[in-house]
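Quick notes on the structure that follows.
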Amino acid sequence: MKIGIIGAGISGLSTALALARRGHEVHVFQREHAVGGLIATFDFGGIPIEHFYHFLCTADRGYFNLCKELGIGDRLRFKKASTGFYYEGRLFNMNSPLDLLRFSPIPFTQRIRFGLFALEARARTEWVQLDELTAKPWLIDRIGKQTYDVVWHPLLALKFGAFHDRISAAWMWHRIHRVAKCKGRMGYLEGGTALLLDTLLRGLKDAGVTIHPGQPVTGILADENRVQGLRFEGAADFACDRVVSTVPLSVLARLLPPHWEAYAKDLRRVDYIGVSCLIFKLRKRVSPHFWLNVHDHRVPFNGIIEYTNLNPLDGACHLAYVPYYTALDSPFYTMEETELTLKSWEALKLLAPQLGDADLIDHHLARTPFAQAICPTGFLNIVPDMNAPIGGLHVLDSTLLYPEDRTQSGHILKGEACANAIHGGAPDSGSG
Ligand SMILES: Cc1cc2nc3c(=O)[nH]c(=O)nc-3n(C[C@H](O)[C@H](O)[C@H](O)COP(=O)(O)OP(=O)(O)OC[C@H]3O[C@@H](n4cnc5c(N)ncnc54)[C@H](O)[C@@H]3O)c2cc1C
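For the sequence shown, this note's numbering assigns the number 34 to the initial residue and increments by one for each residue that follows.
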């Protein structure tokens, strides 16, 4: 079969490999000249690093399988990664039950409830009924109002900004479940996603996949039943048997022909949140923690991911990511880079007084409007099917992972499932 894939992020590239290894002719069309999408890297003064932070959990089977297949499985590293909590001027460790018992910002009885709740979330597997509940009241009911305000509010706000009180309890449960199952062990690929992408591109070339960088798809060609190909500006149409879309659902909706408007409308029901993600390159550490949750009325962000506390790189500098997940009309999303950097740097110095201006080597800002799908209650009903109602069109989007958070590993597994569905000849709504 001849297959066109829209997007060369981890979904598009890993699906392309899986399809090519099953003997299909695969072409991947990518809007930008660079590949990688959200895992793309840049040269940060000699260090190839991702625009957006990435870590691995011990359950990331899809990622491990791909690394093994590409011959870089021996470059995976796992270790205990420290978590901390900065609460109104005080730094707390959050790595053990004892740390939790010592966490004085919440009442003692609620610390016990919190610990029991985390154990229960780790053991729990049933989640469908949680899809109908909102995370906020569910958490307050289980662990108490003060624990919610101090601990979970900043965590939800870190991920969903102003949309935090719409999120379903199912999404929240899975997030706690995934991290609790890691038991504090987190991982990274030595060489980062730069190594993954380089090796993947070599594998794709060997498997005969053609990548078309800098060639955005402007339309999907389809009649009343099935896809016929892809359209571009200033280039000939591409005729194919199947199309795999890996772009956000609202982008896919824009690519559909007018007679598929009803389906496009369904896809537009999913909203996304953007992120402005700063990286600070420093001479000194911010803290000993890889993940530091922040709840302080003087600080404009909710967390710091100090990547070099997980992956020390060459030890010459420290890298700290400061993300702001917001709606696209938020002042944080529209703010000039220099203003956002200065605001964040002043706050970093406040919570890490050992830092002075001479310790700031460099900084970088990356933004994306599609950082995360917003998963409100009832989300299960609006998650699209991988096999679209248009015959021959297959949809890969992070929403298909629900209630799981979006992860590279989850995308790789979905890509594999999609390749199997296409290769097995099933199901293709246009042929039925
Ligand atoms: C801040 C942040 C932190 C994260 N942290 C983690 C983490 O710790 N661990 C983890 O596993 N995951 C993490 N993720 C999630 C992970 O990065 C994503 O789930 C994954 O990279 C998504 O891959 P994708 O290929 O599905 O989408 P994308 O990477 O978005 O790729 C889609 C591609 O399609 C291209 N495109 C768009 N429109 C068109 C068009 N019209 N024509 C052609 N191409 C088009 C885009 O340019 C893009 O390259 C994080 C994400 C963010 C934003």
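Here a beta-carbon is modelled for each residue, glycine too, at the ideal position from N, C-alpha and C. Remember, predicted model here, so these are calculated numbers, not experimental data.
Listed in chain order, the non-local C-beta contacts of His245 below 8 Å within the same chain comprise His60, Val61, Phe62 and Gln63, local neighbours out to five positions each way being set aside. Just so you know, the alpha carbons of Gly424 and Val260 end up roughly 6 Å apart. Taking 3 residues as the shortest admissible run, the stretch 45-73 contains the following complete beta strand (DSSP E) segments, listed from N- to C-terminal end: 58-62.
Ser137: not part of any alpha helix (DSSP H); DSSP gives it neither H nor E. Tyr119: member of the beta strand (DSSP E) spanning Thr116 to Tyr120, first to last residue. Annotation for Cys100 indicates a beta carbon at 7 Å or more from all heavy atoms of ligand 1. By alpha-carbon distance to Thr142, the top candidate from Glu121, Trp171 and Gln179 is Gln179. Residues of the same chain with a CB within less than 6 Å of the CB of Gly336, apart from the 5 flanking positions on each side, are Leu191, Asn326 and Val327 in chain order.
Within a 10 Å sphere around the beta-carbon of Ala114 sit 16 or more other beta-carbons, which makes this residue buried. The criterion of a C-beta distance shorter than 8 Å is not satisfied by Lys314 and Phe111. Counting only runs of at least 3 residues, the stretch 153-224 fully encloses the following beta strand (DSSP E) elements, listed from N- to C-terminal order: 218-222. In the same chain as Leu71, and ignoring 5 residues on each side of it, the C-beta atoms closer than 7 Å to its own belong to Gly42, Phe85 and Thr401, in chain order. Straight-line measurement puts the Cα of Lys169 at about 6 Å from the Cα of Asp198.
Non-local beta-carbon contacts of Pro81 in its own chain, meaning distances under 7 Å to residues more than five positions away in sequence, involve Thr74, Gly225 and Ala227 in chain order.
The bridge partners DSSP lists for Gln405 are Ile306. Note on Ser201: 16 or more other CB atoms within 10 angstroms of its CB, so buried under the neighbour-count rule.
Non-local beta-carbon contacts of Leu263 in its own chain, meaning distances under 8 Å to residues more than five positions away in sequence, involve Gly37, Ile39, Phe62, Val250, Gly252, Ile253, Leu254, Asp270, Phe271, Cys273 and Val276 in chain order.
Ala404 has its alpha-carbon roughly 28 Å from the corresponding atom of Leu383. The residues Met219, Gly220, Tyr221 and Leu343, in chain order, have a CB closer than 7 Å to that of Phe88 in the same chain once the five nearest residues on each side in sequence are set aside.
Here the distance from the Cβ of Leu71 to the nearest heavy atom of ligand 1 is below 7 Å.
When distances are taken from the beta-carbon of Phe88 to the heavy atoms of ligand 1, the shortest one is below 7 Å. Judged by beta-carbon spacing, Arg155 lies within the 8 Å limit of Ala213, meaning their Cβ atoms are closer than that value. Secondary-structure assignment with DSSP links His328 through a beta bridge to Tyr120. The beta-carbon distance between Pro436 and Trp160, rounded to whole angstroms, is 5 Å. This is short enough to meet the 8 Å contact definition. The Cβ atoms of Thr374 and Leu434 do not sit closer than 8 Å to each other. Counting the other CB atoms within 10 Å of its CB gives Ser309 a total of 16 or more, which places it among the buried residues. Contact between the stretch 339-354 and the stretch 288-308 is absent: fewer than three C-beta pairs spanning the two stretches fall below 8 Å. Here Arg208 is buried. Its C-beta has 16 or more other C-beta atoms within 10 Å. Using a cutoff of 7 Å, the CB of Ile306 does not count as near ligand 1, since none of the ligand's heavy atoms is closer than that.
The beta carbon of Thr410 lies closer than 7 Å to those of Asp164, Glu165, Leu166, Thr167 and Ser201 in the same chain, with the five residues before and after it left out.
Between Ala268 and Arg54, the C-beta gap is not smaller than 8 Å, which leaves the two residues out of contact. Taking the C-beta atoms as reference points, Arg144 is found nearer than 8 Å to Leu133. Each residue's CA atom was taken as its position, placing Thr279 and Glu370 some 29 Å apart. Cα atoms of Glu372 and Arg316: separation of roughly 22 Å, rounded to the nearest angstrom.
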